Amino acid sequence: MEQQTNIPEAIYDDELVCFLAERYRTTPRKILQRFLEQSRHAEGKHNGTFLLEENEMSILRDMMDGKHS
């Protein structure tokens, strides 16, 4: 069974998430969806239209853990 992840609404409006959305020409929701997909799958598997870089993943992990302000 898949684990449900609750993403605070404020993260969708975060400057960094919006920057990444612009960089990848997508929406903030799709950036966070891709983050969750990449977090759940082994490295090397890629089933999306873009792949977040490891430093971007690290920053998003910190945001989800409440370490980013």
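Here the sequence shown is numbered in UniProt numbering, starting from 1 and rising by one per residue. Don't be surprised by glycine CBs; every beta carbon is placed ideally from N, CA and C. No experiment lies behind these values; they were computed from the predicted model shown.
Coil, strand or helix - F19 by DSSP: As a working note, residue 19 is residue 19 in the sequence shown. Reduced to three states, the DSSP call for F19 is helix.
Identify whether F35 lies in helix, strand or coil by the three-state DSSP scheme. Sequence index remark: in the sequence shown, residue 35 carries index 35 (1-based). Secondary structure at F35: helix, using DSSP grouped into helix, strand and coil.
| query | To which residues of the same chain is L20 closer than 7 Å at the C-beta, ignoring the five residues directly before and after it? | reply | By one-based count along the sequence shown, residue 20 stands at place 20. Counting only Cβ-Cβ distances below 7 Å, and skipping sequence neighbours, we find I31, E56.
- prompt: Ordered along the chain, which non-local residues of its own chain (more than five positions away) have a Cβ less than 6 Å from that of Y24?
  reply: Against the sequence shown, residue 24 aligns to sequence position 24. Excluding positions up to five away in sequence, the list reads F50.
*To the nearest angstrom, report how far apart N6 and L36 are at their CA atoms.*
Residue 6 sits at position 6 when you count from the first residue of the sequence shown. Residue 36 sits at position 36 when you count from the first residue of the sequence shown. Roughly 11 Å separates the two Cα atoms.
### Message
Quick check: the Cα distance between R40 and I11, rounded to an integer number of angstroms?
### Response
In the sequence shown, counting from the first residue as 1, residue 40 sits at position 40. In the sequence shown, counting from the first residue as 1, residue 11 sits at position 11. One alpha carbon belongs to R40, the other to I11, and they sit about 19 Å apart.
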